[in-house]
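In this note's numbering, the protein residues as written are 5 to 204.
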């Protein structure tokens with residue numbers, strides 16, 4: 005019998021199936037809200053003299069909306085692992101199933117930034133595309149002491165559901181993919197620079 009978790013639709017049909025939910029991982033702290041508030045104050049101070057009250061409010065409201073939307077999507081994201089394969093949901097819709105026959109490799113991607121180290125589980129598909137698994141990650145900001153054990157459980161599912169001959173390690177990529185956080189940061193900086201320098 006399926007066990008559903010509210011409107012996140014992450015469900016398990018047997019005791020062996022796995023479900024990792026963003027709402028269990030990403031819990032903003034007061035520090036996160038303080039940093040966001042400080043960022044909005046700085047943005048408001050930089051744009052107020054050029055845009056006035058209405059323009060600054062629109063810009064600040066748009067920034068807050070984008071940050072809120074990003075957090076909501078992370079909160080609603082999930083990954084489930086079972087007999088059908090790995091299902092990934094980025095926070096919208098019911099998720100996409102990647103059958104075991106399409107998954108060529110599973111590994112952990114490590115990235116480093118000014119916020120610390122981030123470990124994220126990911127899959128490589130037969131077409132060469134890579135997909136990170138939402139809610140299955142460990143970072144200094146959102147530590148998960150069970151990350152290695154959970155990753156091993158996903159790896160065990162993959163190894164027991166695929167033929168060794170079908171597994172192939174992908175070549176290392178030189179370029180690093182942009183993360184949603186990096187894209188959001190770059191867009192925020194660009195919008196602020198354009199508004200501050202472009203509006204006369």
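No residue lacks a Cβ here, since even glycine has one placed at the ideal position from N, Cα and C.
For residue 40, which residues of its own chain have a beta-carbon under 7 Å away from its beta-carbon, when the five flanking residues on both sides are left out? 71
Evaluate residue 82 with the Cβ neighbour count: other Cβ atoms within 10 Å of its Cβ, from every protein chain shown; 16 or more gives buried, anything less gives exposed. buried
Quick check on residue 198: does DSSP put it in helix, strand or coil? helix
At least 3 beta-carbon pairs within less than 8 Å: the region 161 to 176 vs the region 48 to 57: no
Give me the Cβ distance between residue 137 and residue 90, rounded to the nearest whole Å; I'm assuming they're in contact under 8 Å. 7 Å
The beta strand (DSSP E) that contains residue 86, what's its start and end? 82 to 86
Pull up the CB-CB distance for residue 107 and residue 100, whole angstroms please, since I reckon it's below 8 Å. Actually they are not in contact, since the Cβ atoms of residue 107 and residue 100 sit about 13 Å apart, beyond 8 Å.
Which residue wins for smallest C-alpha separation from residue 28, given the options 102, 61 and 150? 150
Under 6 Å Cβ to Cβ from residue 114, same chain only, skipping five residues before and after it: list those, please. 123
State the DSSP-derived secondary structure class of residue 59, mapped to helix, strand or coil. helix
Extent of the continuous alpha helix (DSSP H) run through residue 162: 151 to 165
Does the distance from the C-beta atom of residue 44 to that of residue 67 stay below 8 Å? yes
With a CB to CB cut of under 6 Å and the five nearest residues on each side skipped, what residues in its chain are close to residue 134? 126 and 128
Let me know if residue 161 comes out buried or exposed under the rule of 16 or more other beta-carbons within 10 Å of its beta-carbon. buried
Give the range of the alpha helix (DSSP H) segment to which residue 28 is assigned. 26 to 29
Within 10 Å of its beta-carbon, does residue 80 have 16 or more other beta-carbons around it, so buried, or fewer, so exposed? buried
Roughly how many angstroms lie between the CA atoms of residue 163 and residue 88, to the nearest whole one? 14 Å
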